[in-house]
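In UniProt numbering, the protein residues as written are 1 to 248. For every residue, glycine included, the Cβ atom is placed at its ideal position computed from N, Cα and C. Quick caveat: nothing in here was measured; it's all calculated off a predicted structure. Only one structure is covered here, and it is reproduced in the block below.
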Amino acid sequence: MEVSHAHYSQEQKPQQLYTPIQSGLEVAPQQTSSYYQYPPQQGERTIFGLRRTTFFLSVALAVVIIAAAVGGGVGGTLAVQNARNSAKAPAATTTVTVTATVGQSTGTTSSTGTASSTGTTSSTGTATATSGLVVPTGVLALDCPALANAGTQTITLGDSSWHFTPSCGTDFVYHDIGAVIVYSFHDCMQACAAHNHFYGENQCVVAHFSAEMTNAIANDYGNCWLKNATETVIVGGGDLVASAQLVT
1 MEVSHAHYSQ EQKPQQLYTP IQSGLEVAPQ QTSSYYQYPP QQGERTIFGL
51 RRTTFFLSVA LAVVIIAAAV GGGVGGTLAV QNARNSAKAP AATTTVTVTA
101 TVGQSTGTTS STGTASSTGT TSSTGTATAT SGLVVPTGVL ALDCPALANA
151 GTQTITLGDS SWHFTPSCGT DFVYHDIGAV IVYSFHDCMQ ACAAHNHFYG
201 ENQCVVAHFS AEMTNAIAND YGNCWLKNAT ETVIVGGGDL VASAQLVT
């Protein structure tokens with residue numbers, strides 16, 4: 001068997017891997033580096049042109065600001081609504097029960113007043129030369145029917161005196177010359193005597209008193225009426241009214 005030897009033409013001659021430079025010296029062929037090459041670094045991701053950290057911090061800050069604004073608005077609205085509701089709420093009523101003891105020059109009159117009730121306050125006061133006057137309200141004290149048996153009542157002003165005969169449940173109608181607000185039957189008689197004192201003659205001959213102070217003042221502008229005649233008398237008015245007729 002024959003072995004065919006390869007023949008190369010000048011064009012097919014294999015390239016040399018090195019070129020001799022000097023005799024005895026050779027250049028080693030360039031070898032491919034075997035160490036690991038890292039991939040090229042990518043640029044940092046952004047959101048709307050902002051770094052991710054900056055973007056999320058901005059969003060969190062915006063949420064906090066919006067929440068604060070909404071909370072403030074809601075709080076202000078509730079405060080205004082509460083103020084309106086408070087303004088529309090009806091005022092609470094208070095019941096006062098007052099007991100007053102008033103000293104007089106010719107005696108002592110005790111009176112107790114009671115107003116409509118949702119709460120009760122009780123107080124007692126005595127008038128003196130240096131203290132204030134504690135007055136009752138509502139229904140005043142009137143000692144009827146015992147007052148009819150008390151005898152003549154005397155009112156003295158200065159050097160003059162007026163004597164009155166009391167009667168319970170009576171009224172002398174159609175002869176009113178004035179109305180005043182008083183806090184006791186004694187005060188009503190004194191108002192009649194004072195009218196005569198300043199008028200210069202006994203024009204007032206009857207003092208009519210109503211213990212039901214609230215209704216009397218609302219309907220007739222007073223609870224003590226001064227009268228100048230006794231022709232028309234009505235009886236049976238109950239124990240909350242009384243009249244004092246001047247004794248001449």
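Cα-Cα separation between residue i and residue j, rounded to whole angstroms
i      : j      : result
Tyr174 : Ser161 : 26 Å
Ala79  : Val63  : 24 Å
Tyr199 : Ala148 : 28 Å
Gly237 : Phe172 : 11 Å
Val98  : Cys188 : In this prediction, Val98 has a pLDDT of 41, which is less than 50 and means its spatial position is unreliable; what the coordinates show is noted afterwards. Taking the straight line joining both Cα atoms gives about 20 Å.
His163 : Ala216 : 26 Å
Asn85  : Gly72  : 20 Å
Ile181 : Gly158 : 23 Å
Phe56  : Gly49  : 12 Å
His195 : Val205 : 10 Å
Ala218 : Asn82  : 36 Å
Asp176 : Gln203 : 11 Å
Val139 : Val70  : 57 Å
Phe183 : Ala146 : Reading the sequence as shown, one finds Tyr at residue 183 and not Phe. Rounded to the nearest angstrom, the two C-alpha atoms are 19 Å apart.
Gln47  : Ala67  : In the sequence on display, residue 47 carries Ile and not Gln. Cα to Cα, Ile47 sits roughly 24 Å from Ala67.
Asp220 : Thr77  : 49 Å
Gln104 : Gln190 : With a pLDDT of only 41 at Gln104, under the threshold of 50, the placement of this residue in the model should not be trusted; the figure read from the coordinates follows. Roughly 11 Å between the two C-alpha positions.
Thr156 : Glu201 : 15 Å
Leu61  : Thr54  : 11 Å
Cys168 : His197 : 25 Å
One or two residues paired with residue i in a DSSP bridge
i      : result
Glu212 : Val139
Arg51  : Thr46
Ile155 : Trp162
Thr184 : One point to set straight first is that residue 184 is Ser, not Thr, in the sequence displayed. BP columns for Ser184 are empty, so no partner.
Phe172 : Val233
Ser58  : For Ser58, which the question treats as bridged, DSSP gives no partner whatsoever.
Gly76  : Gly76 pairs with nothing; no bridge assigned.
Leu240 : In the DSSP output, where bridge partners are listed per residue, Leu240 has none listed.
Ala179 : Trp225
Gln245 : Thr165 and Val206
8 Å Cβ cutoff, residue i in contact with chain C
i      : result
Gln245 : In summary, chain C is missing from the structure at hand, where a single protein chain is found.
Expected contact under 8 Å - CB spacing of residue i and residue j to nearest Å
i      : j      : result
Cys144 : Ala179 : So it is not a contact: roughly 21 Å between Cβ atoms.
Leu142 : Phe185 : 6 Å
Val247 : Thr170 : Not quite, the Cβ-Cβ distance comes to about 15 Å (not below 8 Å), so this is no contact.
Taking 8 Å as the threshold, find out whether the stretch 200 to 220 comes into contact with the stretch 230 to 245 through three or more Cβ pairs. yes
Does the count of Cβ pairs from the stretch 144 to 161 and the stretch 223 to 231 closer than 8 Å reach three? no
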